[in-house]
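Notes for the one structure printed next.
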Amino acid sequence: MLELIYRHISLQALIWAVVFLPLLGAAFNGAISVLTAGKERALYKQWTAFIGCLAPILSFLAVLTLFFTLIGFEAGTPSAITGPLFKWIVSSDFMIDVGLKVDQLSLVMALMVSGVGALIHIYSAGYMWNDEGFARYFAELNLFLFFMLLLVLADNLVLMFVGWEGVGLCSYLLIGYWFDDPAKAKAGTKAFIINRIGDVCFLGAIFLIFGVMKASGADSAVDIFNFETMGRYSGYFLPISTAISLLLFSGAVAKSAQIPLHVWLPDAMAGPTPVSALIHAATMVTAGVYMIVRLNFIFVLSPFALSVIAIVGTATAIYGALLALTENNIKRILAYSTISQLGYMFLAIGIGAFSAAAFHMIIHSFFKALLFLCAGSVIFALGGEEDIRKMGGLKDRMPVTAWTFMIAAIALAGIFPASGFFSKDAILWQAYERGHTLIWVIGFLGAGLSSFYIFRLAGSVFFGEPNSEVEVYKKVSESPISMVVPMMLLATLSALGGLVGVSEIFGGSNHLGLWIGDLIQDEISRAPGNTSQGAHLILTVITMLWSAHFSILGWLIYAQKRDWPDRISRKFSPVYKVLVNKFYVNEIYDLVIIRPVIWFSRNILWKVFDKTLIDGVAVEGSSRVIGVIGLLASAAQSGLLQHYLLYFLIGAVVVVACLAL
Amino acid sequence: MIITLQHYLVLSVILFAIGAIGVISRRNIFIILMSIELMLASAALAVLSFSRWNLLPDGKALVFFVMAVIAVEAAIGLAIIIVVHRRKKSVLTDDLGLLRG
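Below is the structure:
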């Protein structure tokens, strides 16, 4: 099979195909969407679905081929570069290429992005089938996949930034997909604007990196933003590594929805559910983590920046988990869960365990995408209902959804032997091993909360008495096969995905960590801590029992004793109120930022600057000046011949006088 | 009394001034046209005087052209005035202020 591919297609072409196949799909579907505007669209749906799904599937197969090709090389690291497709920016003192690079990290990430992406495309074909803008949806989803793969496979920072901005754009388009609804359009705008804050920081970091690379004396005939070149000169980053790291991290904070820029992610649930699964859970929001792992050689130079990352990550991990406890919207619970899990990844980065962060990023994408797909399946079956208080008992009506959801929930809760167990364990153990006991304790508490909220969700939705109206409940049935199959495949990955990184104490060899190890400077920040295997085993068992206990508790309360939550919330009503209101973060932003900005815009920019200066002085003022001149000129035009002749005579006298003098 | 160049030039200036005043002060297009003729004639007289004084023939040749222009101008000018009169039933400039701003 591989032989056949090698004979017809070069490795470089294959890498380019990975990125550009989704772009072709986007172009095709975009053309269909534009050309069929106002026509009967049902005719084109088969084509849209076929091309829209084929592109990601082929892209995934291409990545898979690359993977098996590259691990086939005995010697050296499994990496390949395409070399520059063309020179993008050529200046007298620097240049930027457009080129792709495949190495262990981008290969794993690309496998995840294209694999999960392809499954969600297939799922979308079922989920969005009855939607008016089917072709537009697939065009935007394919475009997203293109930008995401560009982000992952780019061989230089500036090209990565192109992908970074592109996924932000697609995220905006897809959150506001149903733009007829002002609330949804507004959610898209919110995500876009908050991401701009991070993008400015990212751009600032690029400028600083440019300065460093110029000062380092790197050859200006090569691409100085190339990751490899940057890595070679990484020592030069030392003086301003803290500034660069913090700016890059600010970019990641916005993209990956960390405190304090997390507010856009829950609102992003306004988009279609498969979009939430792909963009706002599995792939785009992990771009921040990926970027930091990719640039780890800068971050390890600044212990201060790493501490900031660890603090923000830990705070976000516990904050997201707390908010998920009281939320009642099924998708928003999962959104807060995503925020919390991303917090765990940043926590891992902050303590220097980059490979653990990458491991959890991959595993999280499996089970979180699956959780969203199951939620989508439930919403689909209930005709758009998203409130978990109006669900319940659905496991009898939609068994596949229920049991795949349970697998994902077990993975999220981190219960052996589901995948999440290994990745969460890797992070927590690294925290303990490197001597960050406080971070370990908070992470441990957060793990309990995660188990509780996800089994609260499972208990409310799939178990217990049905709370939906009787006729709605009667009509509920399992989703179509195009939705169920991706869910089952993701359930398999969620259950078994952890095997790629089984740690030493369970007889594994931490494949993934070792595999990407030579790209990552994990060891540098490793403090001499407690490296005993016995301690690891004990902590792991304790964590798992703790999580399992909360899982059962959550399931019991919400499946069996549904009157308990009300009583508990009444008892702790001040705490409950703070949680329901999300610590008033949105309100504080409204008061501190949004209102002053609106006041400033309205009273200064609009009324003073725009109305008075631009309109009054510049636009209307200039027309008024012209008008006055015109009036004077037109007064001279009396229409009387004598006047004209007089002017003429005066002119002649003046000319003669001038000549004479 | 000997008639010198100065006499001719003074006569020419007087004729030109009469013509100019006529052009500016009169409202009847006929009179204006006649005044223009007068100005042209005065200029021709000046040219001719200089030509005689210099004993060069160029000025005399030029005056022939001027006379031809005067004739043509009179013909075209009268034709225009007749057309204007047919349309506007007037030859007074006050009634012909189409270019008033």
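So the protein lines, in turn, are chains V and B. By our numbering, the letter at position 451 of the first sequence is numbered 452, and the numbering carries on one by one without gaps. By our numbering, the letter at position 56 of the second sequence is numbered 289, and the numbering carries on one by one without gaps. By construction, the Cβ of each residue, glycine as well, lies at the ideal position given by its N, Cα and C atoms.
Cβ-Cβ distances below 7 Å link Leu-174 (chain V) to Glu-141 in the same chain, with the five nearest sequence neighbours on each side left out; the list follows chain order.
Closest in alpha carbon position to Leu-262 (chain V), among V:Phe-226, V:Ile-195, V:Gly-460, V:Gly-218, is V:Ile-195. What Leu-642 (chain V) touches in chain B, judged by beta-carbon distance under 8 Å, is Ile-262, Ile-265, Thr-326, Leu-329, going in chain order. Contact check for Ala-432 (chain V) against Trp-441 (chain V) passes: the beta carbons are separated by less than 7 Å. Among the CB atoms of chain V, one or more fall inside 7 Å of the CB of Ile-257 (chain B).
The C-beta distance from Asp-328 (chain B) to Lys-321 (chain B) rounds to 6 Å, short enough to meet the 8 Å contact threshold. Excluding its 5 nearest sequence neighbours in each direction, Ser-424 (chain V) has C-beta neighbours in its own chain below 6 Å: Phe-360, His-361, Ile-364, listed in chain order. Contact between Ser-282 (chain B) and Leu-248 (chain B) does not hold, since their C-beta atoms are separated by about 12 Å, which reaches or exceeds 8 Å. In the three-state scheme derived from DSSP, where H, G and I count as helix and E and B as strand, Phe-69 (chain V) is classed as helix.
For Leu-242 (chain B), the three-state secondary structure derived from DSSP is helix. At a beta-carbon threshold of 7 Å, the residues of chain V lying near Arg-333 (chain B) are Gln-638, Ser-639, Gly-640, ordered along the chain. Only Ala-253 from the region 237-253 of chain B bring a Cβ to less than 9 Å from some Cβ of chain V. Taking a Cβ-Cβ threshold of 9 Å, the residues of chain B close to Leu-650 (chain V) are Ala-253, Val-256, Ile-257, in chain order. Collapsing the DSSP output to three states places Asp-181 (chain V) in coil. Apart from sequence neighbours up to five positions away, the residues of its chain that approach Ile-380 (chain V) with a beta-carbon distance below 8 Å are Thr-274, Ile-331, Lys-332, Glu-386, Glu-387, ordered along the chain. Contact note: Leu-662 (chain V) does not reach chain B at a C-beta cutoff of 8 Å; the least C-beta distance is about 20 Å.
Apart from the 5 residues on each side of it in sequence, Ala-119 (chain V) sits with its Cβ closer than 8 Å to the Cβ of Cys-54, Pro-57, Ile-58, Ser-60, Phe-61 in its chain, given in chain order. CA-to-CA, the gap between Ala-274 (chain B) and Arg-259 (chain B) works out to about 19 Å. Chain-order list of chain B residues neighbouring Leu-174 (chain V): empty, with the shortest C-beta distance near 55 Å, by a criterion of under 8 Å. Among the CB atoms of chain B, one or more fall inside 7 Å of the CB of Leu-646 (chain V). Per the coordinates, the alpha-carbon of Gly-514 (chain V) lies some 5 Å from the alpha-carbon of Ser-356 (chain V). Collapsing the DSSP output to three states places Thr-83 (chain V) in a strand.
If you look at Val-254 (chain V), you'll find it in the alpha helix (DSSP H) that goes 242-256.
Beyond the five residues adjoining it in sequence on each side, Trp-17 (chain V) comes within less than 8 Å, by CB distance, of Thr-83, Leu-86, Leu-101 in the same chain, given in chain order. Following the DSSP letters along the chain, one finds Met-267 (chain B) inside the alpha helix (DSSP H) bounded by residues 262-287.
Residue state for Asn-297 (chain V) is assigned as helix, using DSSP reduced to three classes.
In this structure, Lys-583 (chain V) places its C-beta atom within 7 Å of the C-beta atom of Leu-324 (chain V). When C-alpha distances from Phe-406 (chain V) are compared across V:Ala-427, V:Ser-478, V:Met-489, the shortest belongs to V:Met-489. If you draw a 10 Å sphere on the C-beta of Met-214 (chain V), you find 16 or more other C-beta atoms in it, and that means buried.
In this chain, Met-234 (chain B) is not harboured by any beta strand (DSSP E), its DSSP state being neither H nor E. Ala-283 (chain V) is not a Cβ neighbour of Ile-408 (chain V), given a cutoff of 7 Å. Under DSSP, Ile-90 (chain V) shares a beta bridge with V:Ile-97. In this structure, the CA atom of Leu-580 (chain V) is about 6 Å from the CA atom of Thr-327 (chain V). Beyond the five residues adjoining it in sequence on each side, Thr-243 (chain V) comes within less than 7 Å, by CB distance, of Ser-303, Phe-305, Ala-306 in the same chain, given in chain order.
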